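Remarks on the structure that follows.
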Amino acid sequence: MRNVTDEEIDFILEDIAKRGVVTEDVKYNILDHVCCIIENEMPSNEEFLKFYEMTIAKFYRENLGEIEKETRELITFKYYYAMKRTLKVSAVTSILLIMAGVTLKAMHWPGAGIAVVLGLAFFSLVFIPLNIVMKFRDDKEKSNRLIMTVGMLTASAATIGVLFKIMHWPTANIIMFSSLLVFMLIFIPIYFIIRFKDPDTKFNAIIHTTFMIGAAGMLFALVNLGYSKKYMEQHPEQFDHPVEQMDTNQSINH
Amino acid sequence: MYSSELIKGTLKTIVLNLLKDNEKMYGYEITQKVKELTKNKIQITEGALYPTLHALEKHGDVETEKIYIGKRVRKYYRLTEQGQNTVMERVNELADFMKTMKYLLDIDTSIQHA
């Protein structure tokens with residue numbers, strides 16, 4: 731057994747850097763590996779340079795840079811973790827903002843509008859889209875990807891609809907109405923069929939579908955789908971049996 | 011010596027399982043151990059080993075410890091708690107896969123029995 735000298739270490743480090751390995755960790759791993767081979771396997775009558783060339787050649791197919799490239803490809807997953815963190819942060823932020831918003835709104839305290847708008851915007855424009863991206867990475871199954879994307883997009887649209895409605899912005903009804911329709915008539919049935927077929931997800935399919943129909947149904951019931959009072963007054967001929975208007979502001983009138 | 015395609019798909023499992031049985035190991039030690047255990051039938055190439063180790067580290071399955079030896083740095087790899095679970099999953103999956111392959115590739119004999 732022979733020890734690798736400091737000069738030889740410098741030489742090896744420089745050489746592997748020249749061959750395209752720049753990541754510090756990878757470089758030192760290769761260095762240690764080469765040194766171990768030299769120390770344990772080099773015959774005493776062999777020349778260092780010749781043995782080194784022979785050893786390093788065994789590390790790759792075409793050039794040493796392959797190791798660096800391969801490592802990078804495997805490590806690009808780090809963005810995955812960054813995204814996961816962002817997802818968690820956006821989830822907590824939107825929950826806190828929405829909770830603060832509805833509390834302020836219920837109490838008629840100032841700042842309600844801002845908190846609700848930010849919370850719902852965060853939820854529909856950051857949290858949900860990130861969920862779609864993550865789903866694409868995690869799930870290679872095409873049908874799963876498609877169904878989750880459709881579901882998330884309609885959920886996002888419905889949230890925006892709710893936001894518009896709360897803020898009394900125009901087009902709220904049409905956004906909410908259409909997204910809820912897509913959600914209930916397209917997404918939920920497809921979701922149920924796909925998940926129910928798979929024995930693993932059969933039970934969950936029933937539970938999830940019930941929850942979704944319940945939630946979407948309640949939201950749907952809250953959207954005022956009737957014609958507006960103004961429209962009915964302008965087109966009385968269309969309403970032979972006048973719809974009874976419910977006075978929702980009774981307490982205020984008395 | 012098996013083809014590199016065969017080894018590539020099982021490398022993570024091999025490395026993780028070795029780390030389960032040995033508290034901490036460094037790269038060269040891993041290649042030697044595999045060589046020794048398989049009587050030279052499986053030789054892990056450096057080009058495949060290090061990217062895998064780095065990926066395992068990033069995923070949190072292994073943690074590292076650096077030991078300075080003169081001008082050199084030796085990186086020891088050790089299983090994390092998450093890694094312990096990953097080993098079990100991976101080994102079970104591979105065992106199941108082997109059973110399936112055996113069945114799949116032995117189709118001729120099973121037809122004779124049928």
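Protein chains in written order, with the numbering used here: chain C, 731 to 984; chain F, 11 to 124. Positions of the beta carbon are idealized from the N, C-alpha and C atoms, including for glycine. Given the structure is predicted, the values throughout are model-derived calculations rather than measurements.
Assigned with DSSP and collapsed to three states, T74(F) falls in strand.
Ranking A945(C), K932(C), R925(C) by CA distance to the CA of F913(C) puts A945(C) first. For R88(F), the three-state secondary structure derived from DSSP is strand.
Restricting attention to M897(C), H938(C), T801(C), V847(C), the CA atom closest to the CA of P61(F) is found in T801(C).
Among the bridge pairs identified by DSSP, M35(F) is matched with Y87(F).
Taking the CA atoms as reference points, V892(C) sits about 21 Å from I862(C).
Across the structure, V846(C) and A812(C) are spaced so that their CA atoms are roughly 26 Å apart.
The beta carbon of S909(C) lies closer than 6 Å to those of T884, A887, A888, G891 in the same chain, with the five residues before and after it left out. Straight-line spacing of the CA atoms in K49(F) and L860(C) works out to 48 Å.
For L779(C), no chain F residue has a Cβ inside 7 Å of its Cβ, as the nearest lies near 19 Å away. Within the model, the alpha-carbon separation for A65(F) versus R82(F) is close to 22 Å. Around the CB of Y12(F), fewer than 16 other CB atoms lie within 10 Å, so the residue is classed as exposed.
Annotation: L104(F) to I896(C) spans about 54 Å, alpha carbon to alpha carbon.
Using beta-carbon distances, K85(F) counts as an interface residue toward chain C, with a partner under 8 Å.
For L779(C), the closest alpha carbon among the candidates M942(C), D745(C), G750(C) is that of D745(C). Between L26(F) and G70(F) a beta carbon distance of about 12 Å is seen, past the 8 Å cut, so the two are scored as non-contacting. Residues of the segment 62 to 77 of chain F with a C-beta less than 8 Å from any C-beta of chain C: T62, L63, H64, A65, K68, H69, listed in chain order. Under the three-state reduction of DSSP, R732(C) is assigned to coil, being neither helix nor strand. Counting only runs of 4 or more residues that sit fully inside the segment 775 to 825 of chain C, the alpha helix (DSSP H) segments are 778 to 787, 795 to 805, in chain order.
In this structure, the straight-line span from the alpha carbon of D868(C) to that of E91(F) is close to 22 Å. Chain C has no Cβ within less than 8 Å of the Cβ of R88(F). Annotation: the continuous alpha helix (DSSP H) that includes S14(F) extends over 14 to 18. Within the segment 33 to 57 of chain F, contact with chain C at the beta-carbon level (separation under 9 Å) is assigned to Y36, G37, Y38, E39, T41, Q42, T55, E56, G57. Fully enclosed alpha helix (DSSP H) runs of no fewer than 4 residues occupy 842 to 852, 858 to 868, 872 to 896, 902 to 912 of the segment 836 to 913 of chain C, in order along the chain.
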